[in-house]
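Residue numbers (my numbering): 185 to 509. Quick notes on the structure that follows.
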C-alpha cells in the first residue's frame, strides 16, 4: 500500500500518514517554574496560538503550489488545532470557540477527498502482478477513473480553500484568544495548574479508547475498529499538545499510539477499498479477485493489531501517560 508509483506526486507516500516532525509548542517557563505549574488560561492561550500559527503556515504553503505533501501537512495541522481548541476551549468564549472550530473543520473536510483518492491509487497501483493479473482490465479502468477524479479534486480543493479565506479566520482566532474567561467561568478553573488539567484531559480521551477496545477485538466489527482509530488519533494529538509536560515515557507512548493509528487506519482504508471494488468494479472474476486480495490483507493487518496489544495495550497508554506527567 506504500509502493511508489509513477501516477502520483513523488512525495505522496510520505505524506499520507500523520507525522509529528517537530516538538509540540509548549508554555514558556516563568521564573524557572516547571511548565506544568503555569496557570491553565495562560498556557491555553499560548499553546493554542502556536498551533494556529503552524496551521496558517501550512495553509500558505499549500496555496503556493498544492503539493501533495503540503496538503497532508495542512490536514494534520488542522486536526491538531481542532484538538487544541477542544482541549482548551473552556478557557475562552464558548460561541467564539464553536465558530472557530467549525471553520477549521471545514478546512480538514475539503482536504479529505484528495487524500482518499490518493490512498486508493496507491493501493490499486501497488498490487503485485500476481494479484492484478486476473483483474488487470478492471483495475486499469478503475485507476484511470481515479486519476481523473484526483485532478478534479485538486482543482476543487484550490477553489474551496480560496473561498474560505484565511484572514478572517486568523482574525477570529486572535480575537478569541485575547479574551480568556478568567472570572465567573463555570466550565473550568482557568487558574488551575496546567498539569492538573492535563491529567484529567488525558483521562477523558483515554476513556474513549478503553470503552471502544472490547468491540474492536472482533475482526468483523469494522465499525468499532474505525471508531477506535478516531479515539486513538485524538489521544495521540492530545499527548502531542501536552508533550512539554512529560517527565518520562513520552517517546515510547507516542510511538505506540502512532503504531495503533497506522494499523487501524490501514484496516479502515481496506474497508473503503472493498466498498469501492463492490461499487465500481464490474461483477465477475476480476471483482472477486480484488475482494480476495483485500480480505487476505485485512486479516494480516488485524493479526498485527492484536499482536500490538501484547506489547503495550492501547487501553493502558492513557494511564501510563498520566503517570508520566
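C-beta atoms are modelled at their ideal positions from N, C-alpha and C, and glycine is treated no differently. Here the structure is a predicted model, which is why all the values come from computation and not from measurement.
query: CB-CB length for residue 409 against residue 452, believed under 8 angstroms; result: 7 angstroms
query: Between the CA atoms of residue 351 and residue 486 - distance to the nearest angstrom; result: 44 angstroms
query: Coarse secondary structure for residue 313, derived from DSSP in three states; result: helix
query: Exposed unless 16 or more other CB atoms sit within 10 angstroms - verdict on residue 273; result: buried
query: Same chain, Cβ closer than 8 angstroms to residue 466, neighbours up to 5 away in sequence not counted; result: 322
query: Where residue 374 sits in the DSSP three-state scheme; result: coil
query: For residue 235 and residue 212, the rounded distance between their alpha carbons; result: Low confidence applies here, because residue 212 scores a pLDDT of 45, under 50, leaving its location unreliable; read the following figure in that light. Taking the straight line joining both Cα atoms gives about 15 angstroms.
query: Cβ-Cβ distance between residue 341 and residue 271 below 9 angstroms; result: no
query: Contact check, residue 265 vs residue 307, beta carbons under 9 angstroms; result: no
query: contact_flag[the segment 416–435, the segment 461–479] where n(CB pairs < 8 angstroms) is 3 or more; result: no
query: Neighbour-count burial assignment, residue 402, 16 or more Cβ in a 10 Å radius; result: exposed
query: Run of the alpha helix (DSSP H) containing residue 511, from where it starts to where it stops; result: The structure shown does not extend to residue 511, since the chain is modelled only from 185 to 509, so the question has no answer here.
query: Residue 204 versus residue 258 - alpha carbon distance; result: Since pLDDT at residue 204 reaches only 46, below the 50 mark, its modelled position is unreliable, and the value read off the structure follows with that caveat. Distance between the alpha carbons of residue 204 and residue 258 is about 12 angstroms.
query: CB-CB length for residue 429 against residue 382, believed under 8 angstroms; result: 5 angstroms
query: Length of the line joining the Cα atoms of residue 469 and residue 317; result: 11 angstroms
query: Close Cβ partners of residue 494 (< 7 angstroms) along its chain, the five nearest in sequence each way excluded; result: none
query: Whole-angstrom distance between residue 445 and residue 406, CA atom to CA atom; result: 14 angstroms
query: Contiguous alpha helix (DSSP H) assignments of at least 4 residues, all confined to the segment 227–302; result: 252–272
query: Residue 363 versus residue 333 - alpha carbon distance; result: 44 angstroms
query: Inter-residue spacing [alpha-carbon to alpha-carbon] between residue 336 and residue 369; result: 47 angstroms
query: Cβ of residue 509 within 9 angstroms of any chain D Cβ; result: The structure shown has no chain D; it contains just one protein chain.
query: Residue 428 - partner residues in DSSP beta bridges; result: For residue 428, which the question treats as bridged, DSSP gives no partner whatsoever.
query: Reference residue 260, options 418, 450, 459, closest by Cα; result: 418
query: Helix, strand or coil at residue 496 according to DSSP, with G and I counted as helix; result: coil
query: Residue 326 to residue 455 span [Cα, whole Å]; result: 17 angstroms
query: Where the alpha helix (DSSP H) through residue 324 begins and ends; result: 320–348
query: For residue 223: DSSP bridge partner residues; result: 377
query: Rounded C-alpha distance that separates residue 225 from residue 357; result: 15 angstroms
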